[in-house]
Every structure is written in C-alpha cells, then in structure tokens.
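> As you go down the protein sequences, you meet chains A and B in turn.
Under the working numbering, residues 1 to 113 are what the first sequence spells out, in order.
Under the working numbering, residues 1001 to 1114 are what the second sequence spells out, in order.
Where a beta carbon is used, it is the ideal one built from N, C-alpha and C, also for glycine.
The structure presented is a predicted model; accordingly, all values stated were derived computationally and were not measured.
The structure follows.
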Amino acid sequence: AQSVTQLGSHVSVSEGALVLLRCNYSSSVPPYLFWYVQYPNQGLQLLLKYTSAATLVKGINGFEAEFKKSETSFHLTKPSAHMSDAAEYFCAVSGGGFQKLVFGTGTRLLVSP
Amino acid sequence: GAVVSQHPSWVICKSGTSVKIECRSLDFQATTMFWYRQFPKQSLMLMATSNEGSKATYEQGVEKDKFLINHASLTLSTLTVTSAHPEDSSFYICSADDRDNEQYFGPGTRLTVT
C-alpha cells in the first residue's frame, strides 16, 4: 500500500521568497514520486518526478525536489517565488509500471506581492 | 510532450440523463488510462483504471453500473455517467500512461447535474 502526506493545506510566501512544500510518503515497494501543479479549473501538469535515478530532481519552472529515503520525504522547493506560481500542488506516489497514482491532499500556494 | 484531451470541457445535464466524457491521447498510444474525480478544493480520487480491450478495474466504492468505462482503442477511453444526479456533479479528469512511468493528464471535464 502507498500513501502520501502533504503537510499544510495552505502555504503563503512573498514574491521572491523561498518556496517549500512538504511531502512524506509511505510505500511497500521502491516508490516513484511526482509533483503536479493544478491551476483553477484545469488538469494537472507534471512538475517533476523521481524514478529511482538521481535523488535531486530538477523540474520545470525552477522547481526541484530531493528524495530522502531515510526521512521518507520528497519536499518541493523553489528558490524564489513568482506570482505565477500561485496554484494547487499535489504530491503523488506510485509503484511504477502502469500502477495507479496515489495523491496527497494538496497544498495551495499563495504568493503575495 | 504528450498531450491528452478531454471532451467536453464542461457539461450541464438534467437529473436522470446520461453523459459521456471522452479522453484521448493525441500523440501517443496509451494502453492504460485512468479516470479521477475531484471535488471542489479536494484531491483527486481514482475511480477506475481503464485498459485497452479489457474491462476497467474500479476502485472500491465506485459503482460500475453508474460509471461506465470503455477503452476501445489505444488512444480513446470514455466515461459515461448514467442516470446522473446532482451528487455526481464534479470535476472529472483522465490521464494516460505513456509506458514511461508517467501519466499525462487531460484538462478535465466539469459536470453539473441540475
């Protein structure tokens, strides 16, 4: 069984500040981990994914995440927030190979000027 | 990158009628497609896994006879909400697996049942 926990349903940052969105996972098999972004009334866009290669994963729009097995974490970071980063972010886990994704409850990122 | 489309993007129907939602992978073949449901301000909940040429696998608690899924080809899966009721109003999102351990998501379909 797999699950993810996203700490904080809302995160507020100022434009230019560091973004840190937390995700912890639980998996009985080596996990594949994903971060998605969702803008209002739209589908999900993949930001980045971890599939057992490099533990530090770089994604689109300046985001990156680090897989830490000892902490069972896959936190999402961005050095400098932009207004356009305001959206809902979902962490997800799967066992790979056509297996279903299990999503966290999401974190809404608010960016203030 | 891989593109998944959904049609329609929004639909309003009367209670008791049926609605079909299409999910297409535009530039790749998808043996497996997934259907999710998302309530306002909530996460995505997997409804079913759709495999081309075989019956869909439904998640626990999802009514198979109410949410009919057909995956007739490697680029098309359909979800039919039968005898829709107001509680079926939701945002339905599909995704397609590109065989590279990555799911590409459609833009979603907002269903409102009056």
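Measure the beta-carbon distance from Val102/A to Gln2/A and round it to whole angstroms, keeping in mind my assumption that it falls under 8 Å.
Numbered from 1 along the first sequence, position 102 holds the residue referred to as residue 102/A. Numbered from 1 along the first sequence, position 2 holds the residue referred to as residue 2/A. With a Cβ gap of about 5 Å, Val102/A and Gln2/A count as contacting.
> Please list, in chain order, all residues of the same chain as Glu1022/B whose beta carbon is under 6 Å from its beta carbon, the five residues on each side excluded.
Here residue 1022/B corresponds to residue number 22 of the second sequence, with the count starting at 1. Cβ within range, chain order: His1007 and Thr1078.
> Could you tell me whether the Cβ of Gly16/A comes closer than 9 Å to any Cβ of chain B?
Start at 1 with the first residue of the first sequence, and residue 16/A comes out as number 16. Taking Cβ atoms only, chain B never reaches closer than 9 Å to Gly16/A, which makes this a no.
> Does the separation of the CB atoms of Ala92/A and Val4/A fall below 9 Å?
Here residue 92/A is taken as the residue at index 92 of the first sequence, counted from 1. Here residue 4/A is taken as the residue at index 4 of the first sequence, counted from 1. Cβ distance < 9 Å, so Ala92/A and Val4/A count as in contact.
> Determine the closest residue to Gly59/A out of Thr107/A, Pro40/A and Leu76/A, with distance taken between C-alpha atoms.
Start at 1 with the first residue of the first sequence, and residue 59/A comes out as number 59. Checked all of Thr107/A, Pro40/A and Leu76/A; the closest Cα to Gly59/A is Leu76/A.
> Are the Cβ atoms of Val11/A and Arg108/A separated by less than 9 Å?
The count along the first sequence starts at 1 and reaches residue 11/A at position 11. The count along the first sequence starts at 1 and reaches residue 108/A at position 108. Yes, the Cβ-Cβ distance between Val11/A and Arg108/A is below 9 Å.
> Taking Cβ positions only, does Gly43/A come closer than 9 Å to chain B?
As a first step, residue 43/A must be located in the first sequence, where it is residue number 43. It does; some Cβ of chain B falls within 9 Å.
> Taking the straight line between their C-alpha atoms, what separation do you get for Leu1076/B and Asn1070/B?
The sequence position of residue 1076/B within the second sequence is 76, counting from 1. The sequence position of residue 1070/B within the second sequence is 70, counting from 1. Computed Cα separation, rounded: 8 Å.
> With burial defined as no fewer than 16 other Cβ atoms inside 10 Å of the residue's Cβ, what is the status of Arg1099/B: buried or exposed?
Numbered from its first residue, the second sequence carries residue 1099/B at position 99. Exposed, because fewer than 16 other Cβ atoms sit within 10 Å of the Cβ of Arg1099/B.
> Judging by CA-CA distance, which residue of Ser1015/B, Tyr1104/B, Val1011/B and Phe1028/B is the nearest neighbour of Leu1074/B?
Counting from one through the second sequence, the residue named residue 1074/B turns up at place 74. Nearest option by C-alpha distance: Phe1028/B.
> Does the distance from the CB of Tyr36/A to the CB of Tyr89/A come in under 9 Å?
Along the first sequence, read from residue 1 onward, the residue named residue 36/A stands at position 36. Along the first sequence, read from residue 1 onward, the residue named residue 89/A stands at position 89. Going by C-beta atoms, Tyr36/A is nearer than 9 Å to Tyr89/A.
> If you count every other CB in all the chains shown that lies within 10 Å of the CB of Thr1114/B, and 16 or more means buried, which is it?
Your numbering for residue 1114/B matches position 114 in the second sequence. Thr1114/B comes out exposed.
> Touch check for the region 1103-1110 of chain B and the region 39-49 of chain A: three-plus C-beta pairs under 8 Å?
Contact between the region 1103-1110 of chain B and the region 39-49 of chain A is present, because at least three Cβ pairs lie under 8 Å.
> Excluding five sequence neighbours on each side, which residues of the same chain lie with their C-beta closer than 6 Å to the C-beta of Ser9/A?
Counted from its first residue, the first sequence places residue 9/A at position 9. The answer is none, since no qualifying residue turns up.
> With a threshold of 8 Å on Cβ separation, who are the neighbours of Thr1112/B within its own chain once the five nearest residues in sequence on each side are excluded?
Taking the first residue of the second sequence as position 1, residue 1112/B is located at position 112. Same-chain partners within the cutoff: Trp1010, Val1011, Ile1012, Cys1013 and Ser1089.
> Does the Cβ of Met83/A have 16 or more other Cβ atoms within 10 Å, making it buried, or fewer, making it exposed?
In the first sequence, residue 83/A corresponds to position 83, counting from 1. Burial call: exposed.
> Under 9 Å between beta-carbons, which chain B residues line up against Leu76/A? List them in chain order, please.
Taking the first sequence and counting its residues from 1, one reaches residue 76/A at position 76. By Cβ distance, chain B contributes nothing, its closest Cβ being about 16 Å from Leu76/A, past 9 Å.
> Can you confirm whether Ser1095/B, when its beta carbon is compared against all beta carbons of chain A, has any partner nearer than 9 Å?
The sequence position of residue 1095/B within the second sequence is 95, counting from 1. Cβ-Cβ to chain A under 9 Å: yes for Ser1095/B.
> Can you tell me which of Gly95/A, Leu110/A and Lys100/A puts its alpha carbon nearest to the alpha carbon of Ala87/A?
As a first step, residue 87/A must be located in the first sequence, where it is residue number 87. The candidate whose alpha carbon is nearest that of Ala87/A is Leu110/A.
> In whole angstroms, give me the CA-to-CA distance for Leu56/A and His1085/B.
Taking the first residue of the first sequence as 1, we reach residue 56/A at position 56. Taking the first residue of the second sequence as 1, we reach residue 1085/B at position 85. Straight-line Cα distance between these residues: approximately 46 Å.
> Using only alpha-carbon positions, find the residue among Pro113/A, Glu64/A and Pro79/A that is nearest to Leu33/A.
Taking the first residue of the first sequence as position 1, residue 33/A is located at position 33. Ranking the options by Cα distance to Leu33/A, first place goes to Glu64/A.
> Is it buried or exposed, Pro1040/B, if we count other Cβ atoms within 10 angstroms and call 16 or more buried?
For the purposes of this step, residue 1040/B is taken as residue 40 along the second sequence, with counting starting at 1. Exposed, because fewer than 16 other Cβ atoms sit within 10 Å of the Cβ of Pro1040/B.
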